[in-house]
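Chemist:
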Amino acid sequence: MEAMKEMVEQELGELRQTFASGRTRSMKWRKRQLSAIIEMVKEKEDEICKALFQDLGKHPTEAYRDELVKGKVISEPLGTVLIMSSWNLPISLCLDPLIGAISAGSTVMLKPSELSPNASSFLAKTIPTYLDSKAIKVMEGGPDISTVLLQHKWDKIFFTGSQKVGRIVMSAAAQHLTPVTLELGGKCPTILDDRSISGDIKTAVKRISGGKWGFCSGQVCVAVDYLLIEQRFASSLIDMMKQTIKSFYGENPKDSGCISKIVNKNHFFRLSRFLNDPHIKASIVHGGFTDEEKLIDIEPTILLDPPLDSEIMTEEIFGPIFQLLHQLRDIQESVEFVRSRPKPLALYVFTKDNNLKTRILSETSSGSVTFNDVMIQSICEALPFGGVGESGMGRYHGQYSYECFSHEKAVVEGNLAVELEARYPPWTTYKLSFIRLSFLEDIFGLVLLMLSERLHTTRLQVNYDTNMNRNSVAKSLYTTELRLFSVVVNYSSLNIIVVIQS
Numbered sequence: 001m002e003a004m005k006e007m008v009e010q011e012l013g014e015l016r017q018t019f020a021s022g023r024t025r026s027m028k029w030r031k032r033q034l035s036a037i038i039e040m041v042k043e044k045e046d047e048i049c050k051a052l053f054q055d056l057g058k059h060p061t062e063a064y065r066d067e068l069v070k071g072k073v074i075s076e077p078l079g080t081v082l083i084m085s086s087w088n089l090p091i092s093l094c095l096d097p098l099i100g101a102i103s104a105g106s107t108v109m110l111k112p113s114e115l116s117p118n119a120s121s122f123l124a125k126t127i128p129t130y131l132d133s134k135a136i137k138v139m140e141g142g143p144d145i146s147t148v149l150l151q152h153k154w155d156k157i158f159f160t161g162s163q164k165v166g167r168i169v170m171s172a173a174a175q176h177l178t179p180v181t182l183e184l185g186g187k188c189p190t191i192l193d194d195r196s197i198s199g200d201i202k203t204a205v206k207r208i209s210g211g212k213w214g215f216c217s218g219q220v221c222v223a224v225d226y227l228l229i230e231q232r233f234a235s236s237l238i239d240m241m242k243q244t245i246k247s248f249y250g251e252n253p254k255d256s257g258c259i260s261k262i263v264n265k266n267h268f269f270r271l272s273r274f275l276n277d278p279h280i281k282a283s284i285v286h287g288g289f290t291d292e293e294k295l296i297d298i299e300p301t302i303l304l305d306p307p308l309d310s311e312i313m314t315e316e317i318f319g320p321i322f323q324l325l326h327q328l329r330d331i332q333e334s335v336e337f338v339r340s341r342p343k344p345l346a347l348y349v350f351t352k353d354n355n356l357k358t359r360i361l362s363e364t365s366s367g368s369v370t371f372n373d374v375m376i377q378s379i380c381e382a383l384p385f386g387g388v389g390e391s392g393m394g395r396y397h398g399q400y401s402y403e404c405f406s407h408e409k410a411v412v413e414g415n416l417a418v419e420l421e422a423r424y425p426p427w428t429t430y431k432l433s434f435i436r437l438s439f440l441e442d443i444f445g446l447v448l449l450m451l452s453e454r455l456h457t458t459r460l461q462v463n464y465d466t467n468m469n470r471n472s473v474a475k476s477l478y479t480t481e482l483r484l485f486s487v488v489v490n491y492s493s494l495n496i497i498v499v500i501q502s
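Residues 1 to 502 (UniProt numbering) make up the sequence shown, in order.
1. Secondary structure at Val418, three-state DSSP: helix, strand or coil?
2. Does the count of Cβ pairs from the region 204 to 219 and the region 312 to 330 closer than 8 Å reach three?
3. If contacts are defined as beta-carbon pairs under 8 Å, then Ser256 and Thr160 qualify, I think. What distance do you get, rounded to the angstrom?
4. Do you know how far the Cα of Leu34 is from the Cα of Met139?
5. Do you know offhand how far Thr290's Cα is from Leu347's?
6. Would you kindly work out how many angstroms separate the C-alpha atoms of Glu2 and Val8, rounded to a whole number?
7. Quick one: residues in its chain with C-beta nearer than 6 Å to the C-beta of Tyr402, no 5 flanking neighbours on either side, listed in chain order?
8. Would you identify the three-state DSSP class for Ile302, choosing helix, strand or coil?
9. Kindly confirm or deny that the region 127 to 139 and the region 22 to 31 touch, where touching means at least three C-beta pairs closer than 8 Å.
10. Quick check: what's the CA-CA separation for Leu95 versus Met240?
11. Considering only C-alpha positions, which residue in the set Lys206, Ala410 and Gln377 is nearest to Arg395?
12. Go ahead and pull the three-state DSSP assignment for His397.
13. Quick check on DSSP: helix, strand or coil for Met84?
14. Ends of the alpha helix (DSSP H) at Met240?
15. For Pro77, which three-state DSSP category applies?
16. Please give me, in chain order, every unbroken run of the beta strand (DSSP E) with length at least 3 that falls completely inside the region 141 to 176.
17. Between the alpha carbons of Arg423 and Leu416, how many angstroms are there, rounded?
18. Can you list, in chain order, the residues of its chain with a C-beta nearer than 8 Å to that of Thr244? Leave out the 5 residues immediately preceding and following it.
19. Can you grab the Cα-Cα spacing for the pair Ser391 / Ile331, in whole Å?
20. From which residue to which residue does the alpha helix (DSSP H) around Phe337 run?
21. With which residues is Leu192 paired in a DSSP beta bridge?
22. Starting from Lys254, trace the alpha helix (DSSP H) both ways and give me its first and last residue.
23. Around the C-beta of Ser362, are 16 or more other C-beta atoms found within 10 angstroms, so that it is buried, or is it exposed?
24. Please report the residue range of the beta strand (DSSP E) in which Lys137 lies.
25. With Leu345 and Gly185 assumed to form a contact (beta carbons below 8 Å), what rounded beta-carbon distance in angstroms separates them?
26. Does the region 169 to 183 come within contact of the region 327 to 342, defined as at least 3 CB pairs closer than 8 Å?
27. What does DSSP give as the partner residue(s) for Glu183 in the beta ladder?
28. Do Ile83 and Lys111 have their C-beta atoms closer together than 8 Å?
29. Whether or not the region 221 to 228 and the region 260 to 267 are in contact is what I'm after, with contact meaning three or more pairs of Cβ atoms, one per stretch, closer than 8 Å; do they touch?
30. Whose C-alpha, out of Glu251, Phe405, Phe158 and Pro307, is nearest the C-alpha of Ile277?
31. Just checking, does the region 397 to 412 make contact with the region 246 to 255 on the three C-beta pairs under 8 Å criterion?
32. Output yes or no for whether 8 Å exceeds the beta carbon distance between Val349 and Val369.
33. Contact check, Asp305 vs Ser283 under 8 Å by CB: the rounded distance?
34. Taking buried to mean at least 16 other C-beta atoms within 10 Å of its own C-beta, is Asn355 buried or exposed?
35. How is the beta strand (DSSP E) around Glu230 delimited, first residue to last?
36. Going by C-alpha distance, which of His326, Asp353 and Ser365 is nearest Arg341?
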């Protein structure tokens, strides 16, 4: 443990020294590092696919779609930051925030997940050969090394993972008042309004099925978790989903070569425990087969109305188990259901009903809302990606990644050539009127005020009886003298901006 602490301190020391040298602030350095990431991904594509297949059983097509992404880059860098990534998208969840940190000009300690050891090893071996090893470092290891890293002071911590570990990260960051971005997860609901999209229902079912089983066997934070439908539609929907699963994976999904494996035995047993619960087992309408030896099956599984208070309905599934909830008499009831549960990272709604869309946007809260599709919001670099409430805090992707790792510093430069006397005592009716009209941007009123010379000499008096309540006196003072403070005056006709502080 002591050796581990010394190693972390040594690496962290070099990162801080490199940042202090100013090396990472130059645009040339940032562009060179970002170009090197692109070069690395191009040259090491086969190794990336191999590592992802060994860790997650990902087909190369799925690996390329999910992991080999391009980042766009376009303020003051925060300093030395810690990025802790997850195992389910082990390459992109490291490189995406890394791009943001580099574009901002920060030095980085990258901690890949130990649950995808091949991807972690690839990053530890490859990044130093492409990027500036004094400014970007990779630290491999399990919970022990994470604990040591979190004991140190960072200028920012960016974490992707579970809510449980997210709480640990935030607690550790609080010891140093370190800002955090937490990309967590939760249960992402989908609402299917079959009445309004009856002509496109097959497309909707295909997209929902792909959003559940087509991405890493549901082991993705934005994967579809459960589906809300009206009672009368359940039987037809189950039949359509069975046909869709068959079209994806054939008669024997485990032999299709298109299903990602469950990442490890701990996660496999967690999912198996869900399915072995008698109440859950009774709700299985498709699938449910498990194969401990291969960790590939749990096959695509559909549950119909599992108990709402069961563990599977209160915990993020992160696996190929899908829940259909069909107790709704009207799809409008889905809004209340979603609102009554923790705020999700993503909410998916299939509808052409503008009234339902309006209610979803105005009456629910989530990291993102996607209408008539699933998961595409996470690959749109023009949009911020992040959660709200228990699903996370902070955002990144595209320009938001740059902002995530930057500090926007306010700078004010005063004009010594022009003085605005209204900011100084003694307070007069003229000065109060001047500031009020400036605040309201009433140019005509300001012109009239400045033409009225008699107001210049009228002192603003605060008279009160000796028996007046002290609170009344305080209130009177606040509404007169003290009101002149903490006001921003934007007097555009004279091109003056004055910031007044008490």
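We put the beta carbon where it would ideally sit given N, CA and C, even for glycine.
Modeler: Taking the geometry as given:
1. coil
2. yes
3. So it is not a contact: roughly 29 Å between Cβ atoms.
4. 20 Å
5. 29 Å
6. 10 Å
7. Gly100, Ser103 and Ala104
8. strand
9. yes
10. 38 Å
11. Gln377
12. coil
13. strand
14. Ala234 to Tyr249
15. strand
16. 156 to 160
17. 14 Å
18. Val205, Lys206 and Ser209
19. 25 Å
20. Glu333 to Arg339
21. Phe350
22. Looking at the DSSP string, Lys254 is not in any alpha helix (DSSP H), and its letter there is neither H nor E.
23. exposed
24. Ile136 to Val138
25. 6 Å
26. no
27. Thr160 and Gly392
28. yes
29. no
30. Just to set this straight, residue 277 is Asp in the shown sequence, not Ile. Comparing Cα positions, the closest option is Pro307.
31. no
32. yes
33. 6 Å
34. exposed
35. Tyr226 to Glu230
36. Ser365
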